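**Q**
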Amino acid sequence: MVRIIFMIDDDQDDREIFQEAILKCYPHVELNFATDGDEALRILKTNTRNPDVIFLDYNMPRMTGVDCLRALKGREKTRSIPVVMYTTSGDAEDKNVTLMLGADHFMTKPNSFDDLCVELKRVLNLIENKYRRPGELKE
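Per full-length UniProt numbering, the sequence shown starts with residue 1, numbered consecutively.
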């Protein structure tokens with residue numbers, strides 16, 4: 001079961017809407033944020049416990065989502081954490097590049113709060129099913 005979610009997004013409004021949707025659907029989840037890739041890598045380097053999944057914005061200043069994904073997948077401590085690219089882009093090439101670099105899913109930011117809740121449930125269910133250990137029961 002997903003217990004810790006880490007979101008990397010430079011847009012404060014997107015972080016707030018995401019937080020509201022996650023806490024509505026999963027009130028017992030711990031949700032942490034970083035506002036850019038550099039901050040995220042610093043936080044993840046020093047954390048004693050990795051998140052169960054990372055939602056990573058594709059379009060960010062300084063370090064792009066693609067560059068951050070490369071860094072995450074290039075570090076032993078973080079390479080096995082599932083990463084969901086979370087973006088306004090619906091471009092097939094963007095999706096293909098991130099999936100080839102190791103992202104687990106490419107999620108286009110929905111236009112409504114209700115659609116966001118539905119999509120988050122769907123994506124987190126896919127992640128949970130993909131990474132469930134043998135014999136682990138779904139809560």
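We put the CB at the ideal spot given by N, CA and C, even for glycine.
In this text, all values refer to a predicted model and were calculated from it rather than measured experimentally.
(1) Name the residue from Ala34, Lys109, Arg42 whose alpha carbon lies nearest to the alpha carbon of Arg75.
(2) From Phe18, Ile81, Gly37, pick the residue whose C-alpha is nearest to that of Val2; which is it?
(3) Can you name the start and end residues of the alpha helix (DSSP H) that Ile81 belongs to?
(4) What residue range does the beta strand (DSSP E) around Asp57 cover?
(5) How many angstroms separate the CA atom of Phe18 from the CA atom of Val84?
(6) Helix, strand or coil for Ala103, going by three-state DSSP, please let me know.
(7) What residue range is occupied by the uninterrupted beta strand (DSSP E) comprising Asn125?
(8) Kindly indicate the opening and closing residues of the beta strand (DSSP E) around Met63.
(9) What do you reckon, are the CB atoms on Thr78 and Leu69 nearer than 7 Å?
(10) Can you grab the Cα-Cα spacing for the pair Leu23 / Thr87, in whole Å?
(11) Looking only at C-alpha atoms, which of Leu126, Cys117, Asn32, Leu116 sits nearest to His105?
**A** This is what the structure gives:
(1) Residue mapping note: residue 75 aligns to position 75 of the sequence shown, counting from 1. The shortest Cα separation from Arg75 among Ala34, Lys109, Arg42 belongs to Arg42.
(2) Within the sequence shown, residue 2 is the residue found at index 2, counting from 1. Closest option to Val2, Cα to Cα, is Ile81.
(3) Residue 81 sits at position 81 when you count from the first residue of the sequence shown. Neither: Ile81 is in no alpha helix (DSSP H) and is coded neither H nor E.
(4) Numbered from 1 along the sequence shown, position 57 holds the residue referred to as residue 57. Element bounds for Asp57: 53 to 57.
(5) Indexing the sequence shown from 1 puts residue 18 at position 18. Indexing the sequence shown from 1 puts residue 84 at position 84. If I take the Cα positions, the gap works out to 13 Å.
(6) In the sequence shown, counting from the first residue as 1, residue 103 sits at position 103. DSSP places Ala103 in coil when its eight states are reduced to three.
(7) The residue you call residue 125 lines up with position 125 of the sequence shown. Taken as a continuous stretch (DSSP letters only), Asn125 belongs to no beta strand (DSSP E), being part of the alpha helix (DSSP H) at 113 to 131.
(8) Here residue 63 refers to the residue found at position 63 when the sequence shown is read from its first residue. Note, Met63: premise wrong, no beta strand (DSSP E); not H, not E.
(9) Residue mapping note: residue 78 aligns to position 78 of the sequence shown, counting from 1. Residue mapping note: residue 69 aligns to position 69 of the sequence shown, counting from 1. No, Cβ-Cβ distance for Thr78 and Leu69 is not below 7 Å.
(10) Position 23 of the sequence shown, counted from the first residue, corresponds to residue 23. Position 87 of the sequence shown, counted from the first residue, corresponds to residue 87. Those two C-alpha atoms are separated by around 20 Å.
(11) Walking along the sequence shown from the start, residue 105 turns up at place 105. For the residues Leu126, Cys117, Asn32, Leu116, the minimum Cα distance to His105 belongs to Leu126.
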